[in-house]
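Read the structure below first, then the notes.
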Amino acid sequence: MIILNKAYISDFLVNTIINNKISVLENEYSKKYLPAQNIISKEDFNLTERKILNINGLERATVRVPEYSTVTTIEGIGTPQNLHPIQQAFITYGAVQCGFCSPGFIVSSYALLQKNPNPTREEIRDCFEKHRNICRCTGYKQIVDAVMAAAKVMRGEATMKDITYSKDEPIYGSSRPKPAALAKVCGICDYGDDVKLKMPPDTAHLAVVLSEVPHANIISIDSSEAEKMPGVYRVLLGKNVKGTNIIANPSNHPRSRGEGFNYNKVIADKKINKRGDIVAVVAADTEEHARAAAKAVKQNLEILPAYMNLLDAVTPDAIEIFEGIPNFHGMQPMIKGEDTRDVIDASDFVVEGSFYSQHEPHLPIEPDVMQAYWDSDGMMTIQCKAQAVGMTRFLISSAIGIPPDKIRIIINPTGGSFGYSVFSGTYAVIGGFLS
Ligand code: FES
């Protein structure tokens, strides 16, 4: 919620509020400087109840915010020219890697230090847990180190110089900041979703149609209704992908059975091998139109048995999930230390059971966001969070039928990535639309 304050009134702020249709709480300044359509009265806006605000055309929910609260975001804490000690400490103590989580951690730390200028490490961790701050790459030690160091500066027991990296220090053996750390601690680093906002206004938006069943033969995919829906440019099916429609990899393990990975379809055309396989992609003038049309794509499927664990998948009569590749795809014998059978036999207590973990091995905080276009050099350019840039070019090249020397991959700043972003299938989807 925005409350206009005399100290901040400027032509720029007033124009921004008007142009972006931002709602501002009624007070003497809002009434003086803004037209009525930008003003919400106190009565209309009981902040102690859940309210939906319309800011920049996006609906935001607010809850449990007392009336006339001051809301501080990362932009209100410090700027690149005038860093807050917490921001400086995050840079110097290596508390910023991908930086996707950093603004949240910094704002939580700021709030904590306002209330408790001398927290223990445990109190800092409790604060992060309470505010659900999660970091997937840095780990928490450096972050807690940074808050402890910033707190010292804020208490007057150290100076900004003490927590600022000096360029005179040697590169090796010192805490040289990451080049993008400054932008990341100030909340001005453009990740994929920010890059999206800078695309031209007539950019097409894609929405994927996903399989909701784990195992099926595709009889047909009917996109005729979706193609007629408002704003839809095109619906891409597997059979229309130019190229092999396959993200192929040679076998990377001598004990693998089969001849490598040649089964990952960019868009499933004959078979669904897992819940979440992409079966169609819709391009439309807006995200809302693309998503609405994606819901209208009909999947006519022959449902096959679902194998939800290893034992089901390797029973002798199980259907081969990937044609030509045994379901028991590979075995890695690992023998270390003592024979565990003897250890278990000699143990006082033995626990037996079946244990399952999540099926998703990597959980990056930022999901896939990507942009693609033909650039002025005639290169198909894909901006994404690929971890293996060179490999991605070659893997998607044959899948979408574009020579690798006509493909350019640009890595957007990435909110965590991990092995998840080595797989090139999603980048091939967007390239498939341009080919
Ligand atoms: S630095 Fe925290 S999620 Fe990447």
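The sequence shown begins at 15 in our numbering and counts up one residue at a time. The C-beta atom is built at its ideal place from N, Cα and C for all residues, glycine as well.
Which of the three DSSP states, helix, strand or coil, is assigned to residue i?
i, result
"H267", "coil"
"Q313", "strand"
"V110", "coil"
"A165", "helix"
"M394", "strand"
"N41", "coil"
"L97", "coil"
"F336", "strand"
"V296", "strand"
"I261", "strand"
"I54", "strand"
"L224", "strand"
"R190", "coil"
"H303", "helix"
"G71", "Legend: pLDDT at G71 = 45, less than 50; position of this residue unreliable, value from coordinates given subsequently. Note: G71 maps to coil in three-state DSSP."
"P181", "One detail in the question is off: residue 181 reads as Lys in this sequence, not Pro. Correct three-state label for K181: coil."
Would you mind sorting residue i into buried or exposed? The rule is 16 or more other CB atoms within 10 Å of its CB.
i, result
"H267", "exposed"
"E380", "buried"
"Y186", "exposed"
"N426", "buried"
"V158", "buried"
"H98", "buried"
"G92", "buried"
"F26", "exposed"
"P378", "buried"
Between residue i and residue j, is the Cβ-Cβ spacing less than 8 Å?
i, j, result
"M345", "G206", "no"
"A165", "P133", "yes"
"P418", "F408", "yes"
"V85", "S123", "no"
"L18", "I32", "no"
"K284", "I333", "no"
"Y107", "S189", "yes"
"H219", "A310", "no"
"N314", "A327", "no"
"G257", "S449", "yes"
"A230", "I292", "no"
"I421", "S411", "yes"
Considering only heavy atoms of the ligand COA, does any lie closer than 7 Å to the CB of residue i?
i, result
"Q101", "For the structure depicted, the ligand COA is absent and the ligand set comprises only the ligand FES."
Considering just the uninterrupted stretch of the alpha helix (DSSP H) at residue i, what are its terminal residues?
i, result
"Q128", "116-129"
"R248", "From DSSP, R248 is part of no alpha helix (DSSP H) but of the beta strand (DSSP E) over 246-251."
"K144", "135-144"
"Y441", "439-448"
"F408", "403-414"
"V28", "25-33"
"D4", "The requested residue 4 does not occur in the structure, where the chain is confined to residues 15 to 449."
"D207", "206-211"
Based on the DSSP output, what are the partners of residue i in its beta bridges?
i, result
"N231", "K285, E316"
"Y387", "T395"
"D236", "K312"
"H219", "A298"
Please confirm if residue i has its CB atom under 8 Å from at least one CB of chain E.
i, result
"K420", "Among the protein chains of the structure shown there is no chain E, as only one such chain exists."
Determine the extent of the beta strand (DSSP E) in which residue i is found, giving its start and end residues.
i, result
"F275", "275-279"
"R450", "Because the chain spans 15 through 449 in this model, residue 450 falls outside it and cannot be assessed."
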